[in-house]
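In full-length UniProt numbering, the protein residues as written are 1 to 385.
Written out as structure tokens, the structure reads:
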């Protein structure tokens with residue numbers, strides 16, 4: 001083979017090698033720049049973003065009932081455990097929507113192992129062709145408020161019917177006894193008593209309606225505790241004297257609380273009135289005060305019939321009476337302690353009770369203290385004879 005042929009073959013071989021190198025580099029570069037294929041998420045990112053900001057409980061499930069996405073409230077409400085729906089009722093609703101594609105809405109009661117059952121409304125709708133969305137709203141508080149409102153209306157109706165009915169009967173009795181002055185006088189006095197009871201009931205219902213929102217006070221002022229206690233004791237003087245009950249004050253003088261004077265006075269008056277009403281004749285009711293940790297404690301101590309331990313948790317309910325057989329004689333409306341509780345709540349305080357059957361009760365109203373001047377200290381009160 002001559003030198004010319006050898007040179008041609010060498011040049012051809014070099015061109016082939018160079019071309020292969022260029023081709024390999026081009027293929028490598030194309031492979032490097034190629035965007036890898038990523039499987040799209042089962043739950044679109046837009047849907048996941050919306051679920052993350054929802055206040056209601058939201059759950060997305062796939063065709064196999066696997067929970068793909070759930071909002072934090074859904075876990076808190078106990079709708080989801082792991083990747084499964086806990087509520088059989090909600091699962092049935094999801095199956096129905098998946099079967100016919102129709103949006104469904106219903107009310108459910110969700111039972112929880114570590115808590116009370118929750119009343120919820122569930123709305124389930126298809127989300128695309130393979131997913132189902134369930135939105136659940138907790139309505140437990142609304143149901144509880146509705147129940148309380150129904151009970152309140154029923155109790156008010158019953159309580160109003162009693163004095164109104166009595167007044168009607170007494171009016172008929174007065175008409176029939178028009179020729180008997182003594183009978184007319186007796187029935188008229190009874191009518192006055194029932195009308196006063198009716199007036200008190202209406203006033204306390206109005207007062208409770210104003211307080212039941214437990215909203216903070218708009219313009220609190222310094223309230224003189226001594227003045228409030230003196231007014232409460234004075235209001236109960238007639239009833240206390242009729243039963244020979246001695247009402248005394250003790251503790252620290254010169255204290256002030258931060259709040260509404262009318263409401264504080266109403267609360268303390270109700271406590272003192274209750275203590276007198278449920279105390280035995282000849283006993284003593286003590287109203288004491290003291291300052292502690294930025295608060296003022298107003299305690300009303302009686303030597304009355306006491307409260308059974310099983311009833312302690314219910315005594316602040318509206319119209320609830322520990323001894324229903326005695327409420328006619330005591331003249332109570334069953335709203336006094338409920339008003340005290342709401343006054344404490346609106347003032348950022350609390351009311352506590354200690355009681356023992358046959359030994360009496362102690363109600364303590366705690367309210368925020370107001371200091372007129374820094375470093376002011378109180379002096380000891382004198383007990384009334």
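Even for Gly, the Cβ is constructed at its ideal location relative to N, Cα and C. Nothing here was measured: the structure is a model prediction, and the numbers come from that model.
Notebook entry, point to check: Looking at the structure shown, is residue 193 part of a helix, part of a strand, or coil, going by DSSP?
Noted result: Counting from one through the chain shown, the residue named residue 193 turns up at place 193. Correct three-state label for residue 193: helix.
Notebook entry, point to check: Which residues in the same chain have their Cβ closer than 8 Å to the Cβ of residue 99, if we skip the five residues on either side of it in sequence?
Noted result: Taking the chain shown and counting its residues from 1, the one referred to as residue 99 is at position 99. Around residue 99: no qualifying Cβ.
Margin query: For residue 337 and residue 315, which I take to be in contact (beta-carbon distance under 8 Å), what is that distance rounded to the nearest angstrom?
Written below: Position 337 of the chain shown holds residue 337. Position 315 of the chain shown holds residue 315. About 6 Å; that satisfies the 8 Å criterion.
Check: Would residue 181 be called buried (16 or more neighbouring beta carbons within 10 Å of its own) or exposed?
Finding: Here residue 181 corresponds to residue number 181 of the chain shown, with the count starting at 1. Flag for residue 181 reads exposed.
Checklist line | Uninterrupted alpha helix (DSSP H) stretches inside the segment 240-299 (no shorter than 4 residues) | finding: Within the segment 240-299, the complete alpha helix (DSSP H) runs of at least 4 residues are 261-277.
Item checked: Close Cβ partners of residue 257 (< 7 Å) along its chain, the five nearest in sequence each way excluded -> Start at 1 with the first residue of the chain shown, and residue 257 comes out as number 257. Close CB contacts of residue 257 within its chain, under the 7 Å cut and outside five residues either way in sequence, are with 223, 225, 264, 296, 367, 368, 369, 370 (chain order).
Checklist line | One or two residues paired with residue 351 in a DSSP bridge | finding: One-based indexing of the chain shown puts residue 351 at position 351. DSSP, once it has assigned bridges, lists 365 as partnering residue 351.
Next item on the list: Check the DSSP bridge columns for residue 304 and list the partner residues they point to.
Entry: Translated into positions along the chain shown, residue 304 becomes position 304. 279.
Next item on the list: Kindly indicate which three-state DSSP category residue 126 falls into: helix, strand or coil?
Entry: By 1-based counting over the chain shown, the position of residue 126 is 126. Here residue 126 carries a strand assignment [DSSP, helix/strand/coil].
Next item on the list: Can you give me the Cβ contacts of residue 301 inside the same chain, cut-off strictly under 6 Å, excluding the 5 residues immediately before and after it?
Entry: Mapped onto the chain shown, residue 301 falls at position 301. Excluding the 5 residues flanking it on each side, residue 301 has same chain C-beta neighbours closer than 6 Å at 286, 362, in chain order.
Next item on the list: Return the bridge partner residues of residue 118 from the DSSP annotation.
Entry: Here the question's residue 118 lines up with position 118 in the chain shown. Secondary-structure assignment with DSSP links residue 118 through a beta bridge to 110.
Note to self: Using DSSP's beta-bridge definition, name the partner residues of residue 138.
What the structure shows: In the chain shown, the residue the question calls residue 138 occupies position 138. Beta bridge pairing from DSSP links residue 138 with 120.
Next item on the list: Tell me whether residue 105 sits in a helix, a strand or coil according to DSSP, three-state version.
Entry: By one-based count along the chain shown, residue 105 stands at place 105. Residue state, collapsed to three classes: strand.
Next item on the list: May I ask you to report which of helix, strand or coil DSSP gives residue 174?
Entry: Residue numbering aside, residue 174 sits at position 174 when the chain shown is read from its first letter. In the structure shown, residue 174 adopts helical secondary structure according to DSSP, grouped into three states.
Notebook entry, point to check: Considering residue 344, what are the terminal residues of the alpha helix (DSSP H) in which it resides?
Noted result: The residue labelled residue 344 in the question sits at position 344 within the chain shown. Run containing residue 344: 336-346, per the alpha helix (DSSP H) assignment.
Note to self: On the DSSP bridge list, what partners appear for residue 221?
What the structure shows: Looking up residue 221 in the chain shown gives position 221. Paired residue(s): 259.
Note to self: Suppose contacts are defined by Cβ-Cβ distances below 8 Å. Is residue 144 in contact with residue 124 by that definition?
What the structure shows: Here the question's residue 144 lines up with position 144 in the chain shown. Here the question's residue 124 lines up with position 124 in the chain shown. No, the pair does not count as a contact, with Cβ atoms beyond the cut-off.
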